[in-house]
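J.: If you scroll down you'll find the structure; I have some questions about it.
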Amino acid sequence: MSWQGHDLDFTGVMFDGGDFSRSVFSAGMVSFIGTTFTGGTVDFTDATFTGATVNFTDARFSGGRVFFALATFSGGTVNFDGATFSGGTVDFIAARLSGGTVDFSEARLSGGEIDFVAATFSGATVDFTDARLSGGEIDFADATFTGATVKLDGVMFSNDGTVDLSSPGRWDVPPTGLPEPTPAGLLLPKE
Numbered sequence: 053m054s055w056q057g058h059d060l061d062f063t064g065v066m067f068d069g070g071d072f073s074r075s076v077f078s079a080g081m082v083s084f085i086g087t088t089f090t091g092g093t094v095d096f097t098d099a100t101f102t103g104a105t106v107n108f109t110d111a112r113f114s115g116g117r118v119f120f121a122l123a124t125f126s127g128g129t130v131n132f133d134g135a136t137f138s139g140g141t142v143d144f145i146a147a148r149l150s151g152g153t154v155d156f157s158e159a160r161l162s163g164g165e166i167d168f169v170a171a172t173f174s175g176a177t178v179d180f181t182d183a184r185l186s187g188g189e190i191d192f193a194d195a196t197f198t199g200a201t202v203k204l205d206g207v208m209f210s211n212d213g214t215v216d217l218s219s220p221g222r223w224d225v226p227p228t229g230l231p232e233p234t235p236a237g238l239l240l241p242k243e
């Protein structure tokens, strides 16, 4: 299905599922601003985003799953700034990001998972600036970073929050803004 140049607006709704798998989004915006995800699956598996914006600003994730597995992003932005994660999963497994930004700045993670396992980042930015992690896990196992940046400026770790960068497939540029001393929840490759 093609949503080329069209906007989809789900602002502020309670979302319990939807199938956008294999859809094509070019330009336009898909808005989940302030949306609550409590169960079900929102599926963007194998979708293509070219210059589009997918906006989850201030969304609340307490259950369910949002899948971007095998999705392709070329330019554009996936925005989770200010989102709250207390459960559920956001899955970018084996996604391909070329240029553009995945923005988790000021997000709050007290539970749930954000998975970038085996994702490929080429010239993209993943931004966790000022995020707060008191639980849950962000996993980058086997992710490949070529000319890509992971920003950790101002990230606050407490309790059991974890960002696992310990086993990337490859990275050219190490994450920026690494806190010192390294918090227990920030897992980096062994040198």
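Numbering (our numbering), first residue to last: 53 to 243.
Glycine is no exception: its CB is placed at the ideal position from the N, C-alpha and C atoms.
Just so you know, these numbers come straight off a predicted model, no measurement behind them.
#1: Just to check my reading of the structure: residue 91 and residue 59 have Cβ atoms closer than 8 Å, yes? What is that Cβ distance to the nearest angstrom?
#2: In whole angstroms, what is the alpha-carbon distance linking residue 85 and residue 62?
#3: State the beta-bridge partners of residue 173 as determined by DSSP.
#4: Compute the distance between the beta-carbons of residue 39 and residue 238, then report whether it is under 7 Å.
#5: Can you tell me whether residue 232 is buried or exposed, with buried defined as 16 or more other CB within 10 angstroms of its CB?
#6: Check the C-beta distance from residue 97 over to residue 66 and give it rounded, since I have them as a contact under 8 Å.
#7: Using a 10 Å radius around the Cβ and a threshold of 16 neighbouring Cβ atoms, would you call residue 236 buried or exposed?
#8: Are the beta-carbon atoms of residue 130 and residue 169 separated by less than 7 Å?
#9: Look up residue 132 in the DSSP assignment and give the residues it is bridged to.
#10: Excluding sequence positions up to five away, which residues of its chain have a Cβ less than 7 Å from the Cβ of residue 122?
#11: Taking 7 Å as the threshold (C-beta atoms), are residue 221 and residue 196 in contact?
T.: So, from the listed chains and residues:
#1: In the sequence shown, counting from the first residue as 1, residue 91 sits at position 39. In the sequence shown, counting from the first residue as 1, residue 59 sits at position 7. The beta-carbon distance between residue 91 and residue 59, rounded to whole angstroms, is 26 Å. This is too long to meet the 8 Å contact definition.
#2: Locating residue 85 in the sequence shown gives position 33, where the first residue counts as 1. Locating residue 62 in the sequence shown gives position 10, where the first residue counts as 1. Spanning the two alpha carbons is a distance of roughly 7 Å.
#3: The sequence position of residue 173 within the sequence shown is 121, counting from 1. BP columns for residue 173 point to 149 and 197.
#4: The structure shown does not extend to residue 39, since the chain is modelled only from 53 to 243, so the question has no answer here.
#5: Within the sequence shown, residue 232 is the residue found at index 180, counting from 1. Exposed, because fewer than 16 other Cβ atoms sit within 10 Å of the Cβ of residue 232.
#6: Taking the first residue of the sequence shown as 1, we reach residue 97 at position 45. Taking the first residue of the sequence shown as 1, we reach residue 66 at position 14. Contact flag wrong, Cβ pair sits at about 22 Å.
#7: For the purposes of this step, residue 236 is taken as residue 184 along the sequence shown, with counting starting at 1. It counts as exposed.
#8: Walking along the sequence shown from the start, residue 130 turns up at place 78. Walking along the sequence shown from the start, residue 169 turns up at place 117. Between residue 130 and residue 169, the C-beta gap is not smaller than 7 Å, which leaves the two residues out of contact.
#9: Mapped onto the sequence shown, residue 132 falls at position 80. By DSSP's assignment, residue 132 forms no beta bridge with any residue.
#10: By one-based count along the sequence shown, residue 122 stands at place 70. So the list reads 97, 98, 146 and 147, once near-sequence residues are dropped.
#11: Counting from 1 along the sequence shown, the entry for residue 196 is found at position 144. Counting from 1 along the sequence shown, the entry for residue 221 is found at position 169. Their beta carbons are under 7 Å apart, which means residue 196 touches residue 221 by this criterion.
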